[in-house]
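In the UniProt record's numbering, the protein residues as written are 1 to 386.
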Amino acid sequence: MRKICVITGSRAEYGLLSGLMAAIKKDPTLLLQVIATNMHLSPEFGLTYKEIENDGFTIDKKVEMLLSSDTSNGTTKSVGLATIGFADAYEDLKPDLIVVLGDRYEILAAVTAALFYKIPVAHLHGGEISEGAYDDSIRHAITKLSHLHFTATESYRNRVIQLGENPDRVFYVGAIGVENIKNTPLLSKRELEENLQFELGEKSFLVTYHPVTLENSTAKQQCESLLSALSEYNDYRIVFTYPNSDTDGRIIIQLIEDYVSKNKDRCMAINSLGRIRYYSALQYVSAVIGNSSSGIIEVPSFGIPTLNIGDRQKGRIASNSVVHCGTAIEDIKSGLLEVTSQNIRSMASKKLNPYHLEDTTNRIVEILKEYPLKQIIQKKFYNTKQ
């Protein structure tokens, strides 16, 4: 029986991986192992490992790593702690293959430790670009430390190959999160509002804003610009979700909490919506605001527009329902005006999503099951033709 170890460090990433985890668990030829780390284990971010357990999964190892500091020094030390923790986890679990998604720093630690343990790595969502964050460099580094690659578009597949990966190991399967949407039981509007103890009303925004980690000390200014622009939309209800545990993330959390405390009549903040509440909310909000990859990859499938602010996601393929704007107050105001217009709402209603492909999960599981692992660790650089 092949042991497949899935590693997750954040609520958003788990929301994407959960369907794949269920499929692995269901397969009689595979043994699912789960390692939870980083934000999942933090009270500040909602102790979201409980969501994993509530979904019926057993967490085989918890890797503590997150320091209370969100400075560059604190983040770097967290990576070091994570590397040590993953070494201990691999020593005990001895997985045949690990599965990781995306571009988070805890995942860089996970695949670094796997390198020295000679454990093959399967990586989802490689080949993408997000030029405004150090996640971009981390993603490409993970690609070079991985052995099987599952990309969300054909263009991204080509970029992974351009990085020197053998085309026979690079598979275009679509975005797993897009497929998850149709398999997730969603709440009615009344059920969601009762759960959140917050009325969405007829017009509402869902806001998720993260630090732009390749910029210096911009989190406060940019978040203040966003909040100032939102203040002109007093007829909209607003649900804020916390940023990730990135450098300067706590600055954004404090600004959001202060803003909500002054606008309790129309705003709420929550550290984590979780997969079901997040997807359910996308059925009823008017638009998604911020700089999260979800606004580009998954939100178009719900037929609502996204306002993508700043450079954090710069370079990603995006649907026509995604409006891009700068970080200055006037830029955000213009973006909000466009994203609430009938024209963009009509365009979004077509639900055109470049990340959609049928049967994503089953394609991945079959490859995880069948691909020979005996000689997979030794990689040769694949030179593309000039």
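Note that beta-carbon positions come from the ideal geometry of N, C-alpha and C, so glycine has one too.
Judged by DSSP secondary structure, Lys-3 falls outside any alpha helix (DSSP H) and instead within the beta strand (DSSP E) spanning 2 to 8.
Contact annotation: Phe-45 and Val-63 have beta-carbon atoms that are not nearer than 8 angstroms. Straight through space, the alpha carbons of Arg-345 and Arg-316 are spaced by roughly 21 angstroms.
Cβ neighbours of Glu-165 within its own chain (closer than 7 angstroms, five residues either side excluded): Thr-143, His-149 and Tyr-382.
In terms of Cα proximity to Leu-31, the closest of Leu-17, Asp-60 and Glu-53 is Asp-60. Just measuring C-alpha positions, the residue of Lys-189, Ala-36 and Leu-97 sitting nearest Leu-145 is Leu-97. Closest by C-alpha distance to Val-99, out of Thr-8, Glu-179, His-140 and Ala-328, is Thr-8.
Just so you know, the alpha carbons of Gln-378 and Leu-357 end up roughly 31 angstroms apart. When the five nearest sequence neighbours on each side are left out, the beta carbons in the same chain lying within less than 6 angstroms of the beta carbon of Val-322 are those of Ile-296, Thr-306 and Asn-308, in order along the chain. For Leu-97, the three-state secondary structure derived from DSSP is strand. DSSP lists Phe-240 as the bridge partner or partners of Ala-269.
With fewer than 16 other CB atoms across the displayed protein chains lying within 10 angstroms of its CB, Leu-115 is exposed. Here Thr-151 is buried. Its C-beta has 16 or more other C-beta atoms within 10 Å.
When Ala-328, Glu-193, Arg-139 and Ala-36 are compared, the shortest CA-CA separation from Leu-66 is found for Ala-36.
Leu-206 is a Cβ neighbour of Ala-281, given a cutoff of 8 angstroms. With a cutoff of 8 angstroms on beta-carbon distance, Gly-132 and Gln-313 are scored as near each other. Considering only Lys-333, Asn-320, Asn-353 and Gly-274, the residue with the shortest C-alpha distance to Asn-54 is Gly-274. For Thr-208, the enclosing beta strand (DSSP E) covers residues 204 to 208. The beta carbon of Lys-380 is closer than 6 angstroms to none in its chain, skipping five residues each way along the sequence. The C-beta distance from Glu-193 to Glu-199 rounds to 5 angstroms, short enough to meet the 8 angstroms contact threshold. Thr-29 sits close to Lys-369, with the two beta carbons spaced by under 8 angstroms.
As computed with DSSP, Leu-30 is found in a beta bridge with Arg-2. Excluding sequence positions up to five before and after Asp-135, its CB lies within less than 6 angstroms of the CB of Asp-103, all in the same chain and listed in chain order.
By the C-beta density criterion, Gly-290 is buried, having at least 16 other C-beta atoms within 10 angstroms. Look at the stretch 118 to 165 and you find these whole runs of beta strand (DSSP E), each 3 residues long or longer: 121 to 124 and 148 to 151.
As a beta-bridge residue in DSSP terms, Gly-290 pairs with Thr-208 and Asn-308. Counting the other Cβ atoms within 10 Å of the Cβ of Asn-234 gives fewer than 16, which makes it exposed.
For the options Glu-13, Val-6, Ile-161 and Tyr-236, the alpha carbon positioned closest to that of Met-21 is the one of Val-6. Buried is the label assigned to Thr-218, since at least 16 other Cβ atoms lie within 10 Å of its Cβ. Looking from the CA of Tyr-278, the closest CA among Gly-15, Lys-3 and Ile-4 belongs to Gly-15. The DSSP-derived three-state label of Ile-377 is coil.
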